[in-house]
Amino acid sequence: MKKNILLITYLLLNYSIAFGQNTPADTIKSNKGDIIIQPIIHGTLVLQWNNTTIYVDPYGGAALFKGIAAPDLILITDIHGDHTNLETLKGLDTKKAKFIVPSAVAEMLKDDYGNQLEIIRNGEMSVQGDIFINALPMYNLPEDETSRHPKGRGNGYFLNLGGKAIYISGDTEDIKEMRTLKDIDIAFVCMNLPYTMDINQAADAVLEFKPKIVYPYHYRGKPNMSDTKAFKKLVNDKNTEIEVRLKDWYSN
């Protein structure tokens with residue numbers, strides 16, 4: 000009997016390692032059902048709502064998406080390998096997926112996914128059923144030839160899911176277009192130097208546009224680079240009404 004119990008425990012432990020790797024999902028209510036938010040890794044997440052599954056910047060290998068429904072929509076923000084990752088995409092079931100991408104990303108994907116691509120540029124919109132997707136600027140400062148993310152190449156995204164306004168920053172610095180956002184319910188805000196911004200810039204911007212919930216993401220998990228607990232304190236010391244949700248984006 001003891002051997003059987005040990006065997007069952009061993010099998011359950013290994014099952015949880017193989018199939019329970021991701022950080023637990025969050026559920027947020029909308030006017031048309033729940034929004035499920037699943038952090039995957041770094042700048043990668045999955046949103047599920049109203050029988051639609053949205054992958055954002057799928058990266059890290061297809062195994063990280065095991066147990067998650069195949070994507071109906073794939074949003075890609077930029078050309079860098081932690082955002083446009085062909086190895087990961089080719090391991091996923093993308094047959095039914097529409098890709099929403101900036102033109103620079105479309106150039107990289109056209110040979111493999113040409114008829115599935117929809118290009119939207121900063122300021123443009125895509126409507127996919129009940130889902131409205133706006134492409135927003137994401138870029139580094141100063142706006143010159145040294146910029147790792149020049150203005151216009153990549154997209155941040157604004158989505159409306161069941162009346163909930165969701166902002167996905169992509170790789171951006173502390174730009175005016177982020178600071179002037181209004182009525183955001185859920186924000187995913189990046190913070191890692193030298194590619195985006197530090198926690199002070201990110202916190203100051205969040206305090207200005209005041210999302211109801213903010214997830215720090217794309218922070219590479221190094222406390223000396225992006226201390227997300229310190230970010231939370233910076234925000235909540237000045238505004239306790241902004242809910243800062245800290246998730247482990249690097250548990251995989």
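Position one of the sequence shown corresponds to residue 0 (numbering that gives the first Met the number 0), numbered consecutively onward.
Cβ coordinates follow ideal geometry from the N, Cα and C atoms, glycine included.
Drop a sphere of 10 angstroms on the beta-carbon of ASN139, count the other beta-carbons inside from all chains shown, and report buried for 16 or more, exposed for fewer. Taking the first residue of the sequence shown as position 1, residue 139 is located at position 140. It counts as buried.
Length of the line joining the Cα atoms of ALA103 and ASP182: Counting from 1 along the sequence shown, the entry for residue 103 is found at position 104. Counting from 1 along the sequence shown, the entry for residue 182 is found at position 183. Answer to the nearest angstrom: the Cα atoms are 30 Å apart.
Quick one: residues in its chain with C-beta nearer than 6 Å to the C-beta of PRO101, no 5 flanking neighbours on either side, listed in chain order? Translated into the one-based positions of the sequence shown, residue 101 becomes position 102. Excluding residues within five positions, the ones whose Cβ falls inside 6 Å are GLY153, ASN154.
How big is the Cα-Cα spacing for ASN3 and ARG120? By one-based count along the sequence shown, residue 3 stands at place 4. By one-based count along the sequence shown, residue 120 stands at place 121. Low confidence applies to ASN3: its pLDDT is 43, below 50, so where it sits in the model is not reliable, and the reading given next is rough at best. The straight-line gap from Cα to Cα measures roughly 59 Å.
Which partner residues does LEU135 have in the DSSP bridge list? Along the sequence shown, one-based indexing puts residue 135 at 136. Paired residue(s): GLY155.
Let's see if you can read the secondary structure: which residues bound the alpha helix (DSSP H) around ALA24? Counted from its first residue, the sequence shown places residue 24 at position 25. Counting along the chain, ALA24 falls outside any alpha helix (DSSP H), and DSSP gives it neither H nor E.
Sheet register partners of LEU160 (DSSP bridge): Numbered from its first residue, the sequence shown carries residue 160 at position 161. Bridge partners of LEU160: LYS163.
Considering just the uninterrupted stretch of the beta strand (DSSP E) at LYS97, what are its terminal residues? For this step, residue 97 is matched to residue 98 along the sequence shown. Looking at the DSSP string, the run of the beta strand (DSSP E) that includes LYS97 is 97-100.
Just list the residues that DSSP pairs ALA68 with in beta bridges. Within the sequence shown, the letter at position 69 stands for residue 68. Looking at the DSSP assignment, ALA68 forms no beta bridge with any residue, so it has no partner.
Within this structure, are the beta carbons of PRO210 and PHE230 separated by less than 8 Å? Against the sequence shown, residue 210 aligns to sequence position 211. Against the sequence shown, residue 230 aligns to sequence position 231. It is not a contact, given that the beta carbons lie outside the stated cut-off.
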